[in-house]
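Q:
Residue numbers (our numbering): 122 to 236.
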């Protein structure tokens with residue numbers, strides 16, 4: 122009885138964490154899509170990139186943690202994707218790029234893999 126309760130609680134925690142990550146990535150996508158028509162370096166783009174930076178910094182720190190249960194190769198790949206998102210976001214924030222699509226697409230792919 123206790124064993125199955127514990128397993129159910131762990132599974133619920135994992136599902137809740139995935140749902141929270143999905144919502145956060147969805148919010149990043151929405152903010153970037155709303156900022157796209159305003160162009161790079163706009164206040165909306167700066168807001169979107171600030172959110173994106175906080176999100177991916179948190180995710181990268183979690184992925185780099187020894188306690189993270191994902192396979193090491195997957196963690197490394199996700200960290201690389203996060204670094205790409207951070208670089209692209211910074212270029213948008215600074216007005217050095219108008220390529221919203223690549224950072225939106227990457228975040229959509231990661232978000233959708235959590236569904």
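Glycine included, C-beta positions come from ideal geometry on N, C-alpha and C. Since we're looking at a predicted model, the values are computed, not measured.
Hey, residue 201 and residue 161 are a contact pair by Cβ (cut 8 Å); roughly how many whole angstroms apart?
A: As a position in the chain shown, residue 201 is number 80, starting the count at 1. As a position in the chain shown, residue 161 is number 40, starting the count at 1. Their Cβ separation, rounded to whole angstroms, is 23 Å, which puts residue 201 and residue 161 out of contact at 8 Å.
Q: Taking only the alpha-carbon atoms, compute the straight-line gap between residue 149 and residue 228 and give it to the nearest angstrom.
A: One-based indexing of the chain shown puts residue 149 at position 28. One-based indexing of the chain shown puts residue 228 at position 107. Residue 149 and residue 228: Cα-Cα distance of roughly 8 Å.
Q: From residue 223 to residue 134, what distance separates their C-alpha atoms?
A: Reading the chain shown from its first residue, position 102 is the one you call residue 223. Reading the chain shown from its first residue, position 13 is the one you call residue 134. Residue 223 and residue 134: Cα-Cα distance of roughly 31 Å.
Q: Let me know if residue 195 comes out buried or exposed under the rule of 16 or more other beta-carbons within 10 Å of its beta-carbon.
A: Taking the first residue of the chain shown as 1, we reach residue 195 at position 74. Residue 195 comes out exposed.
Q: Can you name the start and end residues of the alpha helix (DSSP H) that residue 184 belongs to?
A: For this step, residue 184 is matched to residue 63 along the chain shown. Element bounds for residue 184: 164-185.
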